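Read through the structure below, which is laid out as structure tokens, and then see the notes.
Residue numbers (our numbering): 1 to 1249.
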């Protein structure tokens, strides 16, 4: 420290007795507030700028002496300053308080003024009520003194009138009055009335008897005199000459009749459900109330008793007094389920047509779903409307989830949602200009035909309206120019907006999702040519689906015109209900069908218990949060259910597989109806009437009188086993399930056999058997004309059983008699395809210039002459009871045509019912008969042969005819000859659908004329979906099959790519996708190149199912190698064979079938053509000096036979006659022909994962 005292170096000196410096100004005050460090830094800066200070200057800075007066003055100024600031703050706070207080006082005064106005209105209503009570009191007091003041004379006249009824509808007035006069004389009531009875028109069913009050008669005496008439008719059975029972009652006002009809409704419902309902219920028609032992069931005037569970109360909102019914109590009284009981009363309340009503009522529901998921549409409507939807209701939906353009149809539970999306569809865009809005509205109504009526129009107008009263009527008033324009255009088109109930005049139909925004009335429903009840807005329904619109409901009424009975065709299941059967006939079978079977229930999604509990909680809370939770739970539950169904489908559950497949129905019915100028049903009806019009068979004169062989139980068991289960039912509701159930009940099989044998013996066919239900199936994806629709007849189930019994007995007599038909017992599609392929190969090798013509018979099933069928059966069966039964089944009949647009009866005088048991066999026999008759009549065997030594140049598969020959001239001549014979059976060719294939080795004309149509040669000929031509390689032939298999995979990729065990999925792929590629390969000889193509496609499909992806750093070549190797390993691990191997097995087995076919009584054409120019024949020709020589360098047919002989060890045709040895050589053939699994360039499988 260089001599300094280290203890005092950092200490500050305090000099006592010196004056304390005080700040003299702002700068001094800041200086005092500065820290010592800051001060030192400033001093250092000053020294740097101004040099060093003197010692005395640095130690003794200038100081100011503090005086008392100065201090007081300073404190005084500071106090004034503080007081001024506090005063300003207080003034400001008090001013704000005064403003708030004045605002609050103004609001309170406004509320008081509003309360005063309401109080005044209440006083006015109370005064009006008091006046009304005084008037009622006065009327009561004047009850015996004539008409009370203000009483309607018409009402008084009605009260003094009796109604007598019971006559049939539209009875003559003279008959009614004569019967009534006679009845009054018989009841000795002539002296009790002073006025004559009368009718209000020339044709009525009731009469009116005025009963005016007599002079001096009291009111009670007047009523007693009128009641004596009611008692006389009620206590005596008064019958007219026609047997009608007359009744008498007091005349009632329309309101009283409506109230009384409510009790009548319950009485009618209980009477229809309970056999003996007398004394079961008590009725009070004055109030429309019904009681049972438990309590009140329903009422039109009385309220629901306290303590009743309102969830079971059904209220008719369309009635003034809100008629109600206790559904659970009604179900307990009738002994049926709540669901059945809820349906019964709803039908009359909704105005369903009855025999005594000339009007038809139906409900229309409208909802803008806002793009939300509608998978649970029915459940959403039920929760939003708080009631189940009627089955006949119409739903109009807007803003569906986006789909493909055009018509589309999807199933949402039991509801079919038909939608149409296209450019220019009605969509009133919010926020658009008035001109754009007007154009959209005009375009919408321009598409509506001017003569269309009745029409219901429901839309989201995106333009607000309001409802108001004016002159006692309700009007819709637009709140902007857009709404006014929409309203004026609708009125110009004859539409009328349906108004809501008065309580809902201010209820908004839109519910914006944004917080703080209010909804408006922008959803409208209008009608044209219909009467309508009031509109109902289901408040809170928007929360159910999460949309921003409420559900609208309206009831419309139209005049009851022609009523169409819709038959349910759903498959049915046996539920039992009988323990013993003592008699069977057609009527009894229909009754058992209704009682003991029910429609098969679907396996659609059902809410689990937790979702149902959440929905019940949401209905009570009615908040967005609770309904959002319901939607989340339902979505998760549905996803889980769909995943489980998908897993079952991917593991081989065929029912689940059919359910998860995408439906092909794209709304063809809607597109067809749109293309018709008038009624689409009438267009189809007129077309079918023209098709089926012809000469009907003659009615059988007398039945067969000879011995009849009764059906046996073995025959019944065989025939019943041949019927298919799970099929749609006909009009009478009988099915295989019903017949099998009857046979399982005591006495059922014996009485069913007795009934069928009785029909056989009497040849009396029930009328229901000849009244099939005819439905339509589209021939093309989008039919536009009636000819694009195929009618399918669904016959009675018992009729199908009877026809099967007759067919089984007649098979030995009506079997195929020629080689040409490839459809029938012992024949198959492979015969048809193999014959075509081998003939094409023969042309490729021998180059004879063969031409092929594929013929199409127009309306084959529908135009066939039934008389020719019966003549053919008579030649085969002879006189027998079976023949007479066929005559009864093939008589002209009426079919019930049921289309999506209506129902009607169509007279069928010709044609075979498509869908009937006998139709395929009968038509195959007639087609074969026509072709063989033509060949025999015109001696085709003597004409030039396409290949020398082969006389087979024609064949059939059902009605698909194929003729071939050398050149087109001879082929055209044979076609004309065939047309002559076809015309004798009522058939003709459709030249526009015929095909001509000309060999490239034919140099002559390359066209023919068929039925007036010039048919040009095409490069290929389509045969059952396969495109064939001369010289086609096997790879070209299987290419379309593989394309179809790939399309099948991608159409159901959600099944095959599911996260389920791979082995199960591969087996399903083998059954579904493999069948698309291999269905016809048994008729085509295998080729190594085509087998490799099949195997590669199979491996590619398996790799897709394994979801193998390309690695980021992996080349495409390496990825392809890895994916195919893994696919081969997966196929082998699943125990499956490659498609190439399956092709070899199919070919070997079918080759044995062809070779053994030569030993049949009538060999099929495939066996005949296969035995033509074989390897043994070729070797014989080679040994001849003048033998035939091949014109082609590669004899493919001979090479395949050599391979098969090598595998058999002898001639394969000889070995094929022994089934056991032939089957033993199959593996040898596969081993010789099959291509290896791999190239053996990789010795171990790498990168499995």
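Cβ atoms here follow ideal geometry from the backbone N, Cα and C, with glycine treated the same way. Fair warning: this is a prediction, and the values are worked out from it, not measured in the lab.
How is the alpha helix (DSSP H) around residue i delimited, first residue to last?
i: residue 1040; result: 1034 to 1051
i: residue 489; result: 481 to 492
i: residue 738; result: 736 to 744
i: residue 938; result: First-last for residue 938: undefined, no H or E at that position.
i: residue 1092; result: 1088 to 1105
i: residue 1258; result: Any property of residue 1258 remains undetermined from this structure, which presents the chain solely from 1 to 1249.
i: residue 660; result: 654 to 660
i: residue 1268; result: In this structure the chain extends from 1 to 1249, so residue 1268 is not present and cannot be described.
i: residue 1182; result: 1175 to 1183
When DSSP builds the beta bridges, which residues end up paired with residue i?
i: residue 893; result: 908
i: residue 1009; result: 1014
i: residue 406; result: 421
i: residue 850; result: 966
i: residue 526; result: 457, 497
i: residue 282; result: 291
i: residue 368; result: 398
i: residue 960; result: 957
i: residue 554; result: 364
i: residue 259; result: Note: residue 259 sits in no beta bridge, so no partner.
i: residue 374; result: Looking at the DSSP assignment, residue 374 forms no beta bridge with any residue, so it has no partner.
Using a 10 Å radius around the Cβ and a threshold of 16 neighbouring Cβ atoms, would you call residue i buried or exposed?
i: residue 566; result: exposed
i: residue 506; result: exposed
i: residue 523; result: buried
i: residue 103; result: exposed
i: residue 527; result: buried
i: residue 78; result: exposed
i: residue 240; result: buried
i: residue 654; result: exposed
i: residue 1146; result: buried
i: residue 451; result: exposed
i: residue 80; result: exposed
i: residue 361; result: buried
i: residue 873; result: buried
i: residue 227; result: exposed
i: residue 710; result: exposed
For the candidate residues the options, whose alpha-carbon lies nearest to that of residue i?
i: residue 465; options: 821, 482, 202, 456; result: 482
i: residue 813; options: 75, 925, 447, 858; result: 925
i: residue 855; options: 680, 996, 187, 1104; result: 996
i: residue 395; options: 403, 385, 402, 404; result: 385
i: residue 390; options: 981, 755, 369, 363; result: 363
i: residue 402; options: 417, 371, 379; result: 371
i: residue 600; options: 575, 705, 864; result: 575
i: residue 988; options: 885, 90, 857; result: 857
i: residue 691; options: 911, 591, 875; result: 911
i: residue 964; options: 629, 851, 1084, 476; result: 851
i: residue 262; options: 291, 273, 246; result: 291
Please check the pair residue i and residue j, which I expect to be a contact at CB under 8 Å, by giving their CB distance rounded to whole angstroms.
i: residue 289; j: residue 298; result: 7 Å
i: residue 676; j: residue 669; result: Residue 676 to residue 669, Cβ: 11 Å. No contact.
i: residue 544; j: residue 383; result: 5 Å
i: residue 737; j: residue 725; result: 6 Å
i: residue 1151; j: residue 1204; result: 7 Å
If I follow the unbroken beta strand (DSSP E) through residue i, where does it start and stop?
i: residue 326; result: 324 to 326
i: residue 603; result: Run containing residue 603: none; DSSP gives neither H nor E here.
i: residue 209; result: 206 to 210
i: residue 823; result: Unbroken run through residue 823: none, as it is neither H nor E.
i: residue 536; result: 536 to 538
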